[in-house]
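Trainee: Under our numbering, read the sequence shown as residues 1 to 162, first letter to last.
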Amino acid sequence: MDKNQFLEKLRQSLTGQVPEYEIQSNIRYYNEYISSYGNSKEAEEECIGSIGDPHLIAKTIIDAYEVKSGTGNRNRTKNYESYYEDSSNEDKKKDKGRVHVNINGNDVFPWYAKVLMILVPIAVVAIILFVGFFLLRIVLGIALPILLIFLVVQLITRLFQK
Numbered sequence: 001m002d003k004n005q006f007l008e009k010l011r012q013s014l015t016g017q018v019p020e021y022e023i024q025s026n027i028r029y030y031n032e033y034i035s036s037y038g039n040s041k042e043a044e045e046e047c048i049g050s051i052g053d054p055h056l057i058a059k060t061i062i063d064a065y066e067v068k069s070g071t072g073n074r075n076r077t078k079n080y081e082s083y084y085e086d087s088s089n090e091d092k093k094k095d096k097g098r099v100h101v102n103i104n105g106n107d108v109f110p111w112y113a114k115v116l117m118i119l120v121p122i123a124v125v126a127i128i129l130f131v132g133f134f135l136l137r138i139v140l141g142i143a144l145p146i147l148l149i150f151l152v153v154q155l156i157t158r159l160f161q162k
């Protein structure tokens with residue numbers, strides 16, 4: 001992501017959440033900050049990579065503004081979550097198949113994945129127990145008679161040796 005893309009995403013995330021002067025101030029700050037790293041494309045990308053996601057920076061700016069101005073918005077988190085989900089659809093395509101955790105800390109596994117995560121270990125344990133008991137039955141079915149015959153032979157040989 002280059003500087004212009006970063007600043008545009010930051011502006012979009014802040015629009016409607018804080019006053020325009022606050023947006024301009026932060027855009028100017030991050031523009032100067034990124035420019036201070038140098039004018040090369042690599043320097044810009046390195047700087048932006050170290051700064052982080054513009055949506056999360058916007059959330060921090062919004063939170064700081066609300067604390068500073070004393071205006072608490074109860075729906076702010078939900079509004080931001082829905083905006084962030086809408087604006088990160090391109091990232092979701094890249095991350096398809098990975099496990100994510102949403103802002104509330106809840107995993108985003110679908111219900112059937114949770115059911116499978118419960119049933120698969122139960123099925124594995126059941127199969128292991130079934131195979132174990134089956135093998136035990138076979139071993140006892142063969143080994144027990146052999147053991148009894150061995151003990152009887154030992155008993156008879158000891159009786160005749162005396």
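All residues carry an ideal CB built from backbone N, CA and C; glycine is no exception.
How far does the alpha helix (DSSP H) with residue 63 in it reach, from first residue to last?
Mentor: As a working mapping, residue 63 is identified with position 63 in the sequence shown. Here the alpha helix (DSSP H) through residue 63 covers 54 to 69.
Trainee: If residue 125 sits next to residue 65, beta carbons under 8 Å apart, how far is it from one beta carbon to the other, in whole angstroms?
Mentor: One-based indexing of the sequence shown puts residue 125 at position 125. One-based indexing of the sequence shown puts residue 65 at position 65. Between residue 65 and residue 125 the Cβ distance is about 54 Å, and since that is not below 8 Å, they are no contact.
Trainee: Looking at C-alpha atoms only, which residue of 40, 29, 9 is the closest neighbour of residue 55?
Mentor: Working through the sequence shown from its first residue, we reach residue 55 at position 55. Considering only alpha carbons, the answer is 9.
Trainee: Taking residue 22 as the reference, which of 62, 127, 2, 33 has the closest Cα?
Mentor: The count along the sequence shown starts at 1 and reaches residue 22 at position 22. Here the closest residue by C-alpha is 62.
Trainee: Could you pull out every residue in the same chain whose Cβ sits closer than 7 Å to the Cβ of residue 27, ignoring the five residues on either side in sequence?
Mentor: Within the sequence shown, the letter at position 27 stands for residue 27. Cβ within range, chain order: 7, 10, 11.
Trainee: Taking 8 Å as the threshold (C-beta atoms), are residue 48 and residue 57 in contact?
Mentor: The residue given as residue 57 occupies position 57 in the sequence shown. The residue given as residue 48 occupies position 48 in the sequence shown. No. Outside cutoff.
Trainee: Within the present structure, is the beta-carbon of residue 149 separated from the nearest heavy atom of the ligand GTP by less than 7 Å?
Mentor: As for the ligand GTP, it is missing from this structure, which has no ligand bound.
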